[in-house]
Structures are given as C-alpha cells and as structure tokens.
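Below you'll find the structure, written out as structure tokens, and then a few comments.
Residue numbers (our numbering): 107 to 744.
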C-alpha cells in the first residue's frame with residue numbers, strides 16, 4: 107500500500123484553519139473584511155470571553171442568495187476572483203475563499219443572510235465543519251455571522267490562547283484600525299454589556315482620529331495631507347510595432363500617501379502604535395516600518411518609535427497581497443521607490459512643520475510632586491546656588507538647584523509686532539472638536555524672534571518669544587547647529603579641519619579594525635585624516651575643527667562602535683548622519699558653561715537657521731516651550 111494519500115476535507119479545513127484562524131481576532135478580521143467587501147455602511151461586533159465563547163458580526167451589506175450561502179463554505183469558493191489574471195490586481199480585502207470553511211471547521215457557526223433581490227433570507231448552521239441545517243428565515247438585508255465555542259474540537263489549539271483580556275485587546279485593536287481606515291462607515295464593538303467602540307460615519311480621516319483617540323492625542327499629531335509621487339516606467343518592448351503605435355498606456359503609476367505621524371517628542375517603547383494600510387488593507391510590513399524609522403533617524407532616540415497612521419494607495423498591479431494566508435503581508439513590485447517615497451515624505455513634513463516640545467503642565471510624579479510643599483520649598487531655599495548641574499537626578503533629594511545669570515543693566519523689554527494678547531479663548535471654527543489650534547501652535551517657526559533672558563545653572567538658556575517662554579538646552583542646540591554644518595560641508599567637499607602637531611595613535615580591536623576598513627572613506631570625507639599605522643593600529647593626523655585633542659580618540663572610537671552596532675543595515679546617507687552626529691556631540695558647547703548675552707543670541711539665531719531645530723541628532727529635544735495658552739490658564743486668565 108502506498109504512503110501518499112489525499113486528505114479528507116475535514117482534515118484539510120483544520121489545516122487551513124491553523125493558517126487562517128490563529129486566535130479570535132483572526133476570526134474577527136476575516137469576517138470584518140467580508141463585511142467591508144459587501145459594501146456595508148454599519149458593522150456591529152459583539153464578543154464574549156475574549157471571543158472564545160462568542161463572536162457575532164452583523165452588517166447591512168449586500169447579503170447572499172441561498173445557493174451562495176451554502177457554496178461559501180466550500181474550500182476556495184469566492185465571489186472575488188474568476189481568472190488567474192485577477193491575482194495580479196486584487197482590489198478586495200478577502201479573496202482566498204478559505205475563511206468561512208476554516209472558521210466553521212473549528213467552531214459552531216451560524217450564518218443568517220438575505221440579498222436585496224430575495225424576499226426571504228437563509229439560515230445555515232454548521233458545527234465542526236458539518237452542515238446541520240439550512241432553512242429559510244425572515245431576515246433584513248445583510249449578513250449576521252455568529253461563531254460560538256471557538257476551537258471546541260481542537261483543545262490543543264485552545265491551550266495556546268492568551269488570557270481573556272489579551273485576546274480582547276487584539277480584537278479591539280483590530281476593529282479600531284479598520285474604523286480608522288473607513289471613516290465613512292459606522293462601527294460598534296461590545297464585549298458583553300460593555301461598549302468598547304462606537305463611532306458614527308464622518309467625512310474625513312481627521313474627524314475619525316478625533317473620535318477614536320481624543321483631542322489630546324490629535325494635538326500631538328501632524329497631518330501629512332495628501333502626498334503623491336509618480337513612478338515612471340519604461341514602455342513595454344513591442345518589436346513588431348512601430349514606435350508611434352506602441353501601447354504606453356498605464357506606464358505611469360501614482361502612489362498616494364496620507365495619514366498622521368507624531369511629533370518626534372512623542373516616543374513609544376515599541377511599534378504597536380504604527381498602523382499601516384495599503385489600498386485599505388491592514389498590513390504588517392518590514393519595508394514600510396523601516397521607511398518610517400528612517401524618516402525619524404536623528405530626530406528621536408534609536409530605541410524609541412513614533413505613532414504613525416499611514417494609508418498608501420497605489421495601482422493594484424504594484425502590490426502583491428497574495429503572499430501570506432492571513433493576508434497581513436504584502437510585496438511591492440518597486441520596493442525601493444515605495445520605501446524612499448514614505449521616508450522622504452514624512453521627513454520633509456517634519457522639517458516643514460518644526461513641532462516643538464512643550465513644558466509639562468505639572469511636576470513629574472517622581473520629582474517634586476512626591477514631596478510636601480513645605481519640605482520642597484525648604485530644600486530649595488537651603489540649597490547652594492552655585493553647585494554645578496548634575497544630569498540626570500536620580501532621587502528627589504538630588505533635585506538640581508537653579509540660578510539665573512543675566513548681564514547687568516535694566517530689565518529687558520521685548521516688543522513684538524503681533525496683536526495685543528487675547529484673554530479669551532479664540533474662535534476655533536473649522537478645527538477638530540476640542541482642539542484649540544489658534545492660541546497654542548507647538549512649532550518652532552518663531553524661533554528667530556526669541557530674545558535671551560539669561561541662563562539656568564549655566565546650562566539652559568531662558569528666552570522670551572511671541573508665543574511664550576522657552577527653555578533651550580545649550581549643548582544639544584549647538585549640537586544640532588554643528589551637525590547640519592558638518593553635513594553641508596561634507597556635501598560640497600569643504601569640511602573645515604585642523605591638522606594635529608602630533609598624530610593620535612589608536613589601538614583597535616579586531617572588530618573595530620574591520621569597521622574602520624569599512625568606513626575609512628567616510629571618515630576621511632568628514633574632516634578626519636586617518637591612516638593605518640601597523641597591525642590593528644591607526645594614526646589620526648587631522649580632525650574636524652572644533653574637536654579638542656582630548657576628544658579625538660573618544661570620537662573615533664564612538665564612531666567605530668556606532669558603526670558596529672547600527673551602520674551595517676542603514677543607508678549611506680544615514681551612515682554619514684551617524685558620523686556627523688558623533689562629531690557634533692563632542693565639539694558642541696557643554697553644560698555648566700557660562701555664556702554671555704552675545705553668545706546666547708548667536709546660538710538662538712544659528713539654531714533658527716537650521717533645517718530641524720526641534721531635536722539633537724540623537725533625538726533629545728532642543729527646547730521646551732511654556733506656551734502663552736498655558737501661562738494664561740495658569741493665571742486663570744482663560
């Protein structure tokens with residue numbers, strides 16, 4: 107007897123279920139996508155016990171005829187494909203024809219549906235993949251699918267599920283994502299008697315973001331608008347046709363990007379706040395995530411991640427969605443083009459908007475707020491006012507003590523050309539509900555108008571501006587100035603450098619020797635003159651201007667360490683930025699360094715002239731702003 111046999115439909119469906127039905131959220135995803143494909147305007151979802159006991163999805167879509175309702179539970183039965191060519195231009199969310207039979211094979215499923223042209227509906231009941239009954243029923247137009255006792259006949263699979271709250275969180279996240287992708291439709295999600303989400307149809311994405319995340323979150327986001335880039339393809343080769351008769355139709359592909367991204371100061375510990383959609387399909391894609399990370403390179407710490415809600419729309423032929431059973435991964439025909447389009451668009455918008463960090467409205471709970479007011483005041487009064495600044499303090503007892511340095515003379519008085527200060531909330535007609543966008547614009551566009559008042563602890567510059575009070579970190583501000591200067595000088599091949607009287611000889615480890623050989627050309631193009639000097643030894647004969655002799659060794663070693671950790675997978679442009687960041691950090695003004703008024707004015711003016719004055723090359727904020735709105739609110743003026 108032969109060893110090869112054909113599997114029964116029951117076994118085949120359970121294998122398919124293992125690929126498609128990973129957890130309760132997988133069931134919700136497949137059924138929700140079917141409801142969206144059916145043209146539903148309202149989708150209602152109810153779950154119990156994290157989805158293991160009950161999942162019910164009701165929609166007002168087109169519904170199904172009786173014969174279609176039965177045929178839908180056959181493997182590979184679908185209404186969305188008819189020819190192999192259709193696989194090259196899939197425009198629907200569902201298309202494989204595996205979802206319903208796979209779900210029905212591991213649950214007790216009831217389908218209730220009626221098409222517009224039918225006078226009565228159809229009710230189908232299936233348990234463990236076996237048809238129990240199919241009856242006529244009086245039903246409204248649309249479809250209701252009820253899934254009970256998920257994995258009741260696959261107990262081993264059920265053991266791998268997480269807690270009820272974890273499974274519910276996956277479902278809530280999924281429904282939230284799709285509600286963002288389809289703002290013109292209504293979504294409801296209930297867990298038992300608890301309403302988790304209820305959003306009515308709205309006109310645009312911004313209003314849906316407000317519905318889901320609230321006004322505070324919206325204030326931290328930057329709208330990308332609608333960005334478009336055209337990919338021009340060469341015409342197809344048609345040797346038997348005259349050039350003027352060749353078919354060039356469709357040789358241009360338009361890619362459209364829209365959505366929201368967070369200011370660099372909003373930093374998440376993981377990628378869970380990155381939501382990606384391609385042609386309305388929720389996906390997880392390493393290419394797009396890398397493009398987003400590249401856009402924030404040098405704008406936030408490498409360990410942090412932004413919030414991003416991005417929608418990429420393109421010709422269906424430019425993306426292959428048939429690469430994974432759960433349809434969560436895609437493959438682009440021109441991946442480099444897509445990557446660079448997303449990276450460049452986000453970075454350009456961030457540079458244009460220049461969003462600034464704001465001063466927290468309350469003390470940090472790990473600092474002064476934990477101390478009684480009298481005790482905190484007494485410590486501040488008894489502390490020495492000339493002690494050097496220690497960064498960062500670890501305990502309330504280590505709170506830094508501040509002093510204000512200013513040149514002798516009359517108190518400064520600043521005149522701005524703006525209208526007199528308004529003491530009432532401005533009219534926000536046309537803005538999102540609950541979001542005041544007139545009085546409090548957290549950008550650094552007015553940085554050129556700042557007037558320095560003095561220093562705090564010889565480390566932070568206090569400045570007055572038309573939009574409030576600013577605190578500027580003098581070290582990271584100078585670091586941003588030098589960073590952009592190094593990049594500009596590198597681009598034109600005129601890096602300012604200093605030749606050393608005596609070469610600095612460095613001993614390298616084996617790993618550092620390999621990294622040096624890989625980035626030696628970039629080092630020499632950025633102001634260094636470095637040559638091999640024997641076995642695992644290099645000699646530094648020149649260095650970028652501004653780096654003291656004592657810092658040269660540390661800068662070179664730091665660049666080699668960064669190269670070993672990060673630069674193997676980054677682009678050439680990012681590699682140059684990493685080297686420039688190391689140079690700028692060592693050459694910049696330090697903390698605990700007193701500056702006269704002229705130096706402070708120069709620093710603010712030079713910072714205003716940079717492309718991106720909001721953060722240093724390592725992602726730390728350059729300045730904090732105490733806005734006029736916060737000042738007025740604190741004094742109960744508004």
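No residue lacks a Cβ here, since even glycine has one placed at the ideal position from N, Cα and C. All values reported here derive from a predicted model rather than from experimental measurement.
Can you list, in chain order, the residues of its chain with a C-beta nearer than 6 angstroms to that of residue 752? Leave out the 5 residues immediately preceding and following it.
Outside the displayed span of the chain (107 to 744) sits residue 752, for which this structure offers no information.
Residue 135 versus 697, 641 and 281, residue with shortest Cα-Cα distance
281
Just to check my reading of the structure: residue 163 and residue 141 have Cβ atoms closer than 8 angstroms, yes? What is that Cβ distance to the nearest angstrom?
6 angstroms
Could you check how far apart the C-beta atoms of residue 415 and residue 366 are, in whole angstroms? I think they sit under 8 angstroms.
Taking C-beta atoms under 8 angstroms as the contact rule, residue 415 and residue 366 qualify, at a distance of about 5 angstroms.
Determine the DSSP secondary structure at residue 703, reduced to helix, strand or coil.
The answer is helix: DSSP assigns residue 703 an H, G or I state.
DSSP on residue 112, reduced to helix/strand/coil?
coil
So, do the region 675–692 and the region 573–580 have three or more beta carbon pairs nearer to each other than 8 angstroms?
no
Could you tell me which of 177, 740, 566 and 404 sits nearest to residue 703, measuring between CA atoms?
566
Buried versus exposed call for residue 169 [16 or more other C-beta atoms within 10 Å across all chains shown]
buried
Taking 7 angstroms as the threshold (C-beta atoms), are residue 656 and residue 602 in contact?
no
My assumption, with CB atoms under 8 angstroms, is that residue 731 sits in contact with residue 462. Please give the rounded CB distance.
5 angstroms
DSSP-derived helix/strand/coil call for residue 158:
DSSP places residue 158 in coil when its eight states are reduced to three.
Buried or exposed: where does residue 488 fall if 16 or more other Cβ atoms within 10 Å of its Cβ makes it buried?
Low local confidence applies: a pLDDT of 37 at residue 488 is under 50, so the model's placement there is unreliable, with the coordinate-based value given in what follows. Exposed.
Look at the Cβ atom of residue 758, then the Cβ atom of residue 333, and state whether they are nearer than 7 angstroms.
Because the chain in this structure spans residues 107 to 744, residue 758 falls outside the shown range and cannot be described.
Across which residues does DSSP place residue 732 in a beta bridge pair?
575
Are there three or more Cβ pairs, one per stretch, closer than 8 angstroms when the region 426–443 is compared with the region 371–387?
Result yes; three or more Cβ-Cβ pairs closer than 8 angstroms.
Residue 229: buried (16+ other C-beta within 10 angstroms of its C-beta) or exposed?
By the beta-carbon neighbour count (other beta carbons within 10 angstroms, threshold 16), residue 229 is buried.
Neighbourhood of residue 425 by C-beta, 8 angstroms cutoff - its chain only, sequence neighbours within 5 removed
Here the set comprises 384, 385, 436, 437, 438 and 439.
Rounded to the nearest angstrom, how far is the Cβ of residue 150 from that of residue 290, given a contact under 8 angstroms?
Going by Cβ atoms, the distance from residue 150 to residue 290 rounds to 16 angstroms, so no, they are not a contact pair.
Other residues of its chain near residue 377: CB distance less than 8 angstroms, five sequence neighbours each side excluded:
395 and 411
Coil, strand or helix - residue 248 by DSSP
strand
For residue 422, tell me which candidate among 713, 639, 408 and 359 has the shortest Cα-Cα distance.
The option with the nearest alpha carbon to residue 422 is 359.
I'd like to check one pair, residue 587 with residue 666: are the Cβ atoms closer than 7 angstroms?
no
Neighbourhood of residue 738 by C-beta distance below 6 angstroms, restricted to the same chain and skipping five residues each side:
744
Does DSSP put residue 658 in a helix, a strand or coil?
Note: residue 658 maps to helix in three-state DSSP.
Could you tell me whether the region 603–618 touches the region 721–729, using the rule of 3 or more Cβ pairs below 8 angstroms?
These segments do not touch.
Cβ atoms of residue 719 and residue 589: under 7 angstroms apart, would you say?
no
To the nearest angstrom, how far is it from the Cα of residue 109 to the Cα of residue 623?
57 angstroms
With 16 other CB atoms within 10 Å as the buried threshold, where does residue 653 fall?
buried
Evaluate residue 398 with the Cβ neighbour count: other Cβ atoms within 10 Å of its Cβ, from every protein chain shown; 16 or more gives buried, anything less gives exposed.
buried
To the nearest angstrom, how far is it from the Cα of residue 204 to the Cα of residue 445?
Rounded to the nearest angstrom, the two C-alpha atoms are 31 angstroms apart.
Cα-Cα, which of 226, 214 and 683 is closest to residue 159?
214
Tell me the DSSP secondary structure of residue 744 in three-state form.
coil
Between the C-alpha atoms of residue 454 and residue 400, what's the straight-line distance to the nearest angstrom?
12 angstroms
By a C-beta neighbour count over all protein chains shown, 10 Å radius and 16 as the cutoff for buried, is residue 740 buried or exposed?
exposed
Label residue 605 either buried or exposed according to how many other C-beta atoms from any shown protein chain fall within 10 Å of its C-beta, with 16 as the threshold for buried.
exposed
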